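J.:
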Amino acid sequence: MAENISAVSDATFDSEVLKSPLPVLIDFWAPWCGPCKAIAPIVDELATEYAGKLKIVKMNVDENPRTPAQYGIRGIPNLILFKDGAVQQQIVGAVPKAHLVKAITTVV
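Everything in the sequence shown is counted per my numbering, starting at 494 for the first residue and increasing by one.
1) Considering just the uninterrupted stretch of the beta strand (DSSP E) at residue 576, what are its terminal residues?
2) Whole angstroms are fine: how far does the CA of residue 501 sit from the CA of residue 550?
3) So is residue 516 buried or exposed if we call it buried at 16+ other beta carbons inside 10 Å?
4) Since residue 449 and residue 523 are thought to touch, with beta carbons under 8 Å apart, how far apart are those beta carbons, to the nearest angstrom?
5) Applying the criterion that 16 or more other CB atoms from any shown protein chain within 10 Å of the CB defines a buried residue, is residue 560 buried or exposed?
6) When burial is assigned at 16 or more other CB atoms within 10 Å of the CB, is residue 602 buried or exposed?
7) Which residue spans inside the segment 517-589 form an unbroken alpha helix (DSSP H) run of at least 4?
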């Protein structure tokens, strides 16, 4: 995980994501998930490219069941863009970087 990506938990989700002054991209993942590993380098690149404009966090769905259930997450990787505490976009699956950039440009 890149230096500028932090892990969030069910306990820290509200303060780190919903109350963030910056838009947030949260990556719901699990260590056993192959597509999650495939998209991880792209998420790391985006964290560097959008530093200061977009906060990127990751949540392990195995260790934090409450938040994924709250947002209806049934498949991973699942990335949700939040702005001002509200869901802006949800992207499911290992998608190309261009797809993520297009989504991010709607909130930054």
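Just so it is clear, CB atoms sit at the ideal spot from N, CA and C, and this is done for glycine as well.
Nothing here was measured: the structure is a model prediction, and the numbers come from that model.
T.: For this structure:
1) 571-576
2) 6 Å
3) buried
4) Nothing about residue 449 can be reported from this structure: the residues present for the chain run from 494 to 601 only.
5) buried
6) The displayed coordinates of the chain run from 494 to 601. Any statement about residue 602 would go beyond what the structure contains.
7) 527-542, 559-563
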